[in-house]
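Using my numbering, read the sequence shown as starting at 93 and increasing by one per residue. This report concerns only the one structure given below.
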Amino acid sequence: MKAKRKKLMFAFGTRPEAIKMAPVIEEALGAKDCFETKVVLTGQHREMLDQVLLAFKIKADYDLKIMRPNQTLSGIAERCLNSIDKVLVKERPDLVLVQGDTSTAFIIALAAFYLRIPVAHVEAGLRTHNKYNPFPEEMNRRLISQVAEIHFPPTAWAFNLLAKEGITKETIFLTGNTVIDAFLEVASRKFIFEGKNKDLVPKGKKLIVVTTHRRESFGEPMQNVCKALRRVALERPHDIQIVLPVHKNPKVREVVFAELGDIRNVKLVEPMDYVPFVHLMKHAYLILTDSGGVQEEAPSLGKPVLVVRDNTERPEAVKAGTVKLVGTKEVRVFKELSLLLDDQAAYQKMSKAVNPYGDGRASKRMIAFLKYWFGFENKKPEAFISA
Ligand code: UD1
Ligand code: UDP
Numbered sequence: 093m094k095a096k097r098k099k100l101m102f103a104f105g106t107r108p109e110a111i112k113m114a115p116v117i118e119e120a121l122g123a124k125d126c127f128e129t130k131v132v133l134t135g136q137h138r139e140m141l142d143q144v145l146l147a148f149k150i151k152a153d154y155d156l157k158i159m160r161p162n163q164t165l166s167g168i169a170e171r172c173l174n175s176i177d178k179v180l181v182k183e184r185p186d187l188v189l190v191q192g193d194t195s196t197a198f199i200i201a202l203a204a205f206y207l208r209i210p211v212a213h214v215e216a217g218l219r220t221h222n223k224y225n226p227f228p229e230e231m232n233r234r235l236i237s238q239v240a241e242i243h244f245p246p247t248a249w250a251f252n253l254l255a256k257e258g259i260t261k262e263t264i265f266l267t268g269n270t271v272i273d274a275f276l277e278v279a280s281r282k283f284i285f286e287g288k289n290k291d292l293v294p295k296g297k298k299l300i301v302v303t304t305h306r307r308e309s310f311g312e313p314m315q316n317v318c319k320a321l322r323r324v325a326l327e328r329p330h331d332i333q334i335v336l337p338v339h340k341n342p343k344v345r346e347v348v349f350a351e352l353g354d355i356r357n358v359k360l361v362e363p364m365d366y367v368p369f370v371h372l373m374k375h376a377y378l379i380l381t382d383s384g385g386v387q388e389e390a391p392s393l394g395k396p397v398l399v400v401r402d403n404t405e406r407p408e409a410v411k412a413g414t415v416k417l418v419g420t421k422e423v424r425v426f427k428e429l430s431l432l433l434d435d436q437a438a439y440q441k442m443s444k445a446v447n448p449y450g451d452g453r454a455s456k457r458m459i460a461f462l463k464y465w466f467g468f469e470n471k472k473p474e475a476f477i478s479a
């Protein structure tokens, strides 16, 4: 006899979670015979989240609207825990899916655990083994692993870390990263740079795309990175254009605008909608970032990526040679940028299109696995083969 239809609840709150959940939600909606789908937003982000919902046409069933200006970690946790409980009690889903390492993801997982509702963790197993870097994401992700029943690591490296931590292998399923599903779909859409995006892609200049937002970089480290960008931009007014969509976090905005606000060939713009941002990356000469998602997306374009962090929980592309960890010291960041701008051999060495993070089918594998897990299918699907 076929299993009874199950209720899947997708709960998330920030831009990257929405991008990485969107293809999984779409896949679940396509499996209506097996799954009823509920979407819950915590609203930890607002504008940055809403633009993703529009890009992927996601309709939410609940919006907890927890964001406050300059919010604290405890504030996010408190508002999220208080408001999700009622939704979980009312809906009683068979499985709650959370993504990644944000405070939303951890608190939703905890609230579901308190009600003995099983949790599946999308993008499980990434680690730096340094609890303060990335902060608080490293601990959020580790704590979710303790609470979750099902773990979807994106790569073999993450799979093995989970297994080494003693998590039962039958509950871990290697899928690839769903960000590649989202990215490949959006990159294949037609896009024209017009309106507010008209001048972002320069003619006859090299485009450097930059993003920065990590909590552990607030203050001096972020200032140093901006100083390096300032030096490079001022030295090469006719050769390069830097485009930096400035994250909405006030702690980011005060530093970035103060250091880079007055330079002609540095365009500081509002956080970009996902579709134009993906197409902007396609035009980049190089990318400098501290973002997790951008580190995963950019290698598939064959663009060199400089990561302004001291460590990364995504070592695969570093190993493949297309991503370089350069820290946050001004001198080093300036040197690495100059090297890629001046030395074609160094540039070509890093310009390899590799995709250790996925093949665009992670969401399909995830939903296929859940059909198997819940007894709709007898055969376990094939896992992602990761480099
Ligand atoms: C959060 C996540 C981080 C993730 C990042 C993705 C935590 C603790 N941090 O960091 O892991 O990498 O999102 O971008 O979960 N704001 C707005 N509008 C928005 C979004 C943010 O105004 O749409 C402002 C608000 O003042 C808010 C502040 O940014 O208080 C910080 O937002 P928060 O979610 O706490 O931290 P992020 O730095 O965005
Ligand atoms: N992104 C976007 N607009 C921007 C900057 C980034 O849509 O202006 C996308 C990017 O392509 C990636 C995701 O946002 O998919 C990464 O989010 P973020 O850097 O905020 O968080 P992280 O991945 O570091 O958690």
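In this text, a Cβ means the ideal position worked out from N, Cα and C, and glycines have one as well.
In the structure shown, Tyr-154 adopts extended strand secondary structure according to DSSP, grouped into three states. Separation of Gly-311 and Lys-343 (C-alpha to C-alpha, rounded to the nearest whole angstrom) is 8 Å.
Residue environment for Thr-164: exposed (fewer than 16 other C-beta atoms within 10 angstroms of its C-beta). Nearest to Val-211 by C-alpha distance, out of Ile-199, Arg-219, Ala-248, is Ile-199. Between Phe-244 and Phe-265, the gap from beta carbon to beta carbon is short of 8 Å. Non-local beta-carbon contacts of Val-446 in its own chain, meaning distances under 6 Å to residues more than five positions away in sequence, involve Pro-391, Ala-412, Thr-414 in chain order.
Beyond the five residues adjoining it in sequence on each side, Glu-388 comes within less than 6 Å, by CB distance, of Asn-269, Val-271, Tyr-449 in the same chain, given in chain order.
Positions of the beta strand (DSSP E) runs, each at least 3 residues long and wholly inside the stretch 394-430, are given as 397-399, 415-417 in order along the chain.
For Ala-445, there is no enclosing beta strand (DSSP E), as DSSP marks it with neither H nor E. Relative to the non-hydrogen atoms of the ligand UDP, the Cβ of Val-397 never comes closer than 7 Å to any of them. Asn-357 sits close to Pro-329, with the two beta carbons spaced by under 8 Å. Bounds of the beta strand (DSSP E) holding Pro-337 are 332-337. A direct Cα-to-Cα measurement between Lys-456 and Val-116 gives close to 7 Å. Rounded to whole angstroms, the Cβ separation of Leu-429 and Ala-320 is 7 Å, and the two are in contact under 8 Å. In this structure, Met-364 has its beta carbon at no less than 7 Å from each heavy atom of the ligand UD1.
Taking each of Asp-125, Phe-104, Val-324 in turn and checking the Cα distance to Leu-156, the smallest one comes out for Phe-104. Between Cys-318 and Leu-352, the gap from beta carbon to beta carbon is short of 8 Å. Residue pairing from DSSP places Glu-128 in a beta bridge opposite Lys-99.
For the ligand UD1, a non-hydrogen atom lies closer than 7 Å to the CB of Lys-340. In the three-state DSSP reduction, Val-358 falls in the strand class (E or B). Pairing Tyr-206 with Ala-376, the inter-Cα distance amounts to about 46 Å. A distance criterion of 7 Å places the beta-carbon of Thr-194 in contact range of the ligand UD1, judged by its closest non-hydrogen atom. The nearest non-hydrogen atom of the ligand UDP is 7 Å or more from the C-beta of Val-400. In the three-state reduction of the DSSP assignment, Thr-106 falls in the coil class, being assigned neither a helical nor a strand state. Residue pairing by DSSP puts Ile-264 in a beta bridge opposite His-243. The C-beta of Ser-478 has 16 or more other C-beta atoms within 10 Å across all chains shown, which makes the residue buried. According to the DSSP secondary-structure assignment, Thr-381 is paired through a beta bridge with Thr-303, Val-399. With a threshold of 7 Å, the Cβ atom of Ile-168 does not count as near the ligand UDP, since no heavy atom of the ligand is closer than that. By the criterion of at least three beta-carbon pairs nearer than 8 Å, the stretch 295-310 is in contact with the stretch 218-229. Nearest to Leu-336 by alpha-carbon distance, out of Lys-374, Glu-362, Gly-385, is Glu-362.
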